[in-house]
Amino acid sequence: MQKFQDLYFCNNLIDKRDNCYHYKYIFIFRFYWMVIIVMAIGVFSGCSSRQREASKETVYGKMQQEQVVVAISTEPSTLDPCQGWGHGNMPLIQSTLIKYNDEMSFEYDLAVNYSLDETGLVWTFKLRDDAKFTDGEAVTAEDVAFTFETAKAAQASIDLTFLEKVEAINDTTVTFLLSKPTSVFLNTIASVGIIPAHAYGADYGMNPIGSGPWKFVQWNPQEQLILEANEDYYGIVPPIKKVTIVFMTEEAAFAAVQAGQVDVALTAATLANKTIQGYHLERVTSVDNRGFTLPVLPNEGNVTEDGYPIGNNVTCNLEIRQAIAYAIDRELVAEVALNGFATPCYSENDKMPWNNPSVMIETDVDYAKKLLTSAGWLDSDEDGIVEKDGVVAAFTVLYPSGDSVRQAVAMAVAEQVKQIGIQITVEGTSWDDLSKRMFSNGVMMGWGAANPYESYCLYYSKGAFQEDFYNPEGYQSEKTDKYLSAAMEALTIEAAYENWQLAQWDGETGTCMKGVCPWVWIVNVDHLYYVRDGLDIGRQQLHPHGASMPLLQNLHTWRWI
642 MQKFQDLYFC
652 NNLIDKRDNC
662 YHYKYIFIFR
672 FYWMVIIVMA
682 IGVFSGCSSR
692 QREASKETVY
702 GKMQQEQVVV
712 AISTEPSTLD
722 PCQGWGHGNM
732 PLIQSTLIKY
742 NDEMSFEYDL
752 AVNYSLDETG
762 LVWTFKLRDD
772 AKFTDGEAVT
782 AEDVAFTFET
792 AKAAQASIDL
802 TFLEKVEAIN
812 DTTVTFLLSK
822 PTSVFLNTIA
832 SVGIIPAHAY
842 GADYGMNPIG
852 SGPWKFVQWN
862 PQEQLILEAN
872 EDYYGIVPPI
882 KKVTIVFMTE
892 EAAFAAVQAG
902 QVDVALTAAT
912 LANKTIQGYH
922 LERVTSVDNR
932 GFTLPVLPNE
942 GNVTEDGYPI
952 GNNVTCNLEI
962 RQAIAYAIDR
972 ELVAEVALNG
982 FATPCYSEND
992 KMPWNNPSVM
1002 IETDVDYAKK
1012 LLTSAGWLDS
1022 DEDGIVEKDG
1032 VVAAFTVLYP
1042 SGDSVRQAVA
1052 MAVAEQVKQI
1062 GIQITVEGTS
1072 WDDLSKRMFS
1082 NGVMMGWGAA
1092 NPYESYCLYY
1102 SKGAFQEDFY
1112 NPEGYQSEKT
1122 DKYLSAAMEA
1132 LTIEAAYENW
1142 QLAQWDGETG
1152 TCMKGVCPWV
1162 WIVNVDHLYY
1172 VRDGLDIGRQ
1182 QLHPHGASMP
1192 LLQNLHTWRW
1202 I
């Protein structure tokens, strides 16, 4: 229509010829402008589209930067601290009165201070007044008292037998009355998460409420656990806003890393030497030890309360146990059995502040042989195995079937001690069978905790021949008991540490390998994780036994960089 209007306008101004030329130029002029406008619209539309796509990528990238997927091999049986959740580690969802810092020293969490009276029996804690459970209710001393009363009644993995009474004095003050001085009280409560008295029920372990840095979202047993950052946390709110913890075997987790499906994955020493694009390996030192328990009594026909045989006529000899301890090249075991992902181990608590550094021994094969020959162990029939009074230096070491780490370490040691004339048969079996045979055979065990109470469990005489796996070898010593009791009842940390160390070695005897040697300690295994590049998992504490949950102790500090 516009063209015809233009043509009419031309006819009224100039002659026909000029009209035609004028119309031609006007048409071309307007056509060019139309093309320019269309192109501009296209350009602006393209910019707008790219901006929208860029915006989408920015939003998606931000979402990715605010969440993390972690693959571990061990799934908790409950999220209830009174039933053992968080024992030995940070309970994530719940807060604790005090907690460990990176240096394995205590610092305040829900508590703002505490005191111990001169009798060593009454502990008083003052609480912060700004902590809330994720349902909005305030955390009070009543919740603390309820937590410890419930935990003691449950008699789960938390030993509170020394707790006589816990009482809320007011909303922010709680007192604990102990039956006797207990120096490990702080170590014990450092992993007991506080539960809400008003919201605790039979299903709490599957649907918990807490006041910690993480908020429970969802748990699909044998699949995944989902947590979100607690935005109302009284401390520093985690930079990561969503955490999905998936439960996988180490092999499945390795495959998930290769496929880029997870951000962090626990892995095994046999897999950790592989390079995966976009990931790097984090190697965390630990007190997660592996060692042999060796029966210290002869087989005289005695049995446990449940009827299982006690004693071994080879390992009951101190020179046998010590010869094995000195013959082992622990660094070589770490290299051969675990691709170098382990460090030599000399006690149940290497690197901990209560450990006695003098327990360390050097590999000395000649000394090991001398111990045996001096005690009358000779290879009279030249079969490579020494014997004494008709007893051949051969015995069995058990390990739980399917545990490739324990198997590899045991096999490496068995190979090394052949050079001193001792034959060890390594046998995998079920935990049920192992629990019946551990009092008369060597066992490849694993321990390691952020609590010196573990030493008490391992060596106190009353714990011998129990079903809890601590002291199946039957170690008993009045002298050791005195040191352990003194450590437990000490009124200061310094006095406690001194006695823990004397129990290990007092210059003449002790629980260590240069002493009575009920255990032959071999290696502390490194905890190994594939971590996606760009994710900072922070400074890891010295890990205790078990590589899954210790990884998450500092989860609230993780961040993308």
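Numbering-wise (this note's numbering), the sequence shown opens with residue 642 and increments by one. Backbone N, C-alpha and C fix where the C-beta goes; we use that ideal spot for every residue, glycine too.
Residues bridged to PHE817 by DSSP?
TRP764, VAL807
As a quick exercise: from GLU1095, MET731, ALA978, SER988, pick the residue whose alpha carbon is nearest that of ALA831.
MET731
Unbroken beta strand (DSSP E) runs of length 3 or more, entirely within the stretch 967-1004: which are they?
983-985
Below 6 Å CB to CB, which residues in the same chain sit around LEU1012 once its five sequence neighbours on both sides are set aside?
GLU960, GLN963, ALA964
Which ranges does the beta strand (DSSP E) cover as unbroken runs of at least 3 residues, wholly within the stretch 717-746, from first to last along the chain?
739-741
If we ignore side chains and look at the alpha-carbon of each, how far apart do GLY1017 and ILE1026 end up?
13 Å
Give the range of the alpha helix (DSSP H) segment to which LYS773 is assigned.
It is not in any alpha helix (DSSP H) - LYS773 carries neither H nor E in the DSSP assignment.
Pick helix, strand or coil for SER798, following the three-state DSSP scheme.
coil
What does THR934 pair with, by DSSP beta-bridge criteria?
VAL1084, TRP1160
Just to confirm before moving on: does the CB-CB distance between PHE933 and VAL1161 stay below 8 Å?
yes
CA-CA distance, TYR1100 and ASP1177?
40 Å
I'd like to know if the stretch 990-1002 and the stretch 1036-1054 are in contact, where contact means that at least 3 CB-CB pairs between them fall below 8 Å.
no
Any beta strand (DSSP E) of 3 or more consecutive residues that is wholly inside the stretch 844-909:
855-861, 865-870, 883-888, 905-908
For the stretch 1088-1145, which segments carrying the alpha helix (DSSP H) assignment without a break, of at least 4 residues, lie completely within its bounds, in sequence order?
1094-1100, 1119-1129, 1134-1145
Classification of MET680 by the beta-carbon crowding that lies within 10 angstroms, buried from 16 upward
Because the pLDDT of MET680 is 48, which lies under 50, any placement of that residue in the model is unreliable, and the number read from its coordinates should be weighed accordingly. The residue is exposed, with fewer than 16 neighbouring Cβ atoms inside 10 Å.
Out of ALA838, GLN796, VAL780, which one is the CA nearest neighbour of ASP812?
VAL780
Neighbourhood of MET1154 by C-beta distance below 6 Å, restricted to the same chain and skipping five residues each side
ALA966, ILE1002
Mark GLY702 as exposed unless 16 or more other C-beta atoms lie within 10 angstroms of its C-beta, in which case mark it buried.
Caution applies to GLY702, whose pLDDT of 49 falls short of 50 and renders its modelled position unreliable; the model cannot decide the point.
Residues bridged to PHE1036 [DSSP beta-bridge criterion]
ILE1065
Please list the terminal residues of the continuous alpha helix (DSSP H) segment that includes GLN1057.
1045-1057
Comparing C-alpha positions only, which one of THR908, VAL928, VAL1054 sits nearest to ASN1092?
VAL928
Please classify THR737 as buried or exposed, where buried requires at least 16 other C-beta atoms within 10 Å of its C-beta.
buried
Using the Cα positions of ILE1134 and VAL977, report the straight-line distance between them to the nearest angstrom.
39 Å
Among the residues of its own chain, which have a CB less than 6 Å from the CB of LYS806, if the five just before and after it don't count?
LEU818
Measure from the alpha carbon of TRP876 to the alpha carbon of each residue in SER852, PHE857, ILE867, then state which is nearest.
According to the sequence as given, residue 876 is Gly; it is not Trp. Nearest C-alpha to GLY876: SER852.
I believe PHE857 touches ILE734 by the beta-carbon criterion, under 8 Å. Please report the beta-carbon distance rounded to the nearest angstrom.
5 Å
How far does the alpha helix (DSSP H) with ALA1009 in it reach, from first residue to last?
1006-1015
Could you spell out the range, first to last residue, of the beta strand (DSSP E) harbouring SER756?
752-757
Report yes if the CB atom of THR1206 is closer than 8 Å to the CB atom of ASN1165, and no otherwise.
An answer regarding residue 1206 cannot be provided, because it is not within the stretch 642 to 1202 covered by the chain.
LEU1169 - partner residues in DSSP beta bridges:
THR908, ARG924
From the DSSP output, which residues share a beta bridge with THR1070?
PRO1041
Start and end of the alpha helix (DSSP H) containing ILE830?
826-830
Which value, in whole angstroms, describes the spacing of the CA atoms of ASP904 and VAL710?
5 Å
Hey, quick one: how far does the beta strand (DSSP E) through ILE1026 stretch, first residue to last?
Note, ILE1026: premise wrong, no beta strand (DSSP E); not H, not E.
C-beta contact flag for VAL766 and VAL833 at 8 Å:
Residue identity differs from the one stated: residue 766 is Phe in this sequence, not Val. No, the Cβ-Cβ distance between PHE766 and VAL833 is not below 8 Å.
Is the separation between the beta-carbon of SER1071 and that of SER1045 shorter than 8 Å?
no
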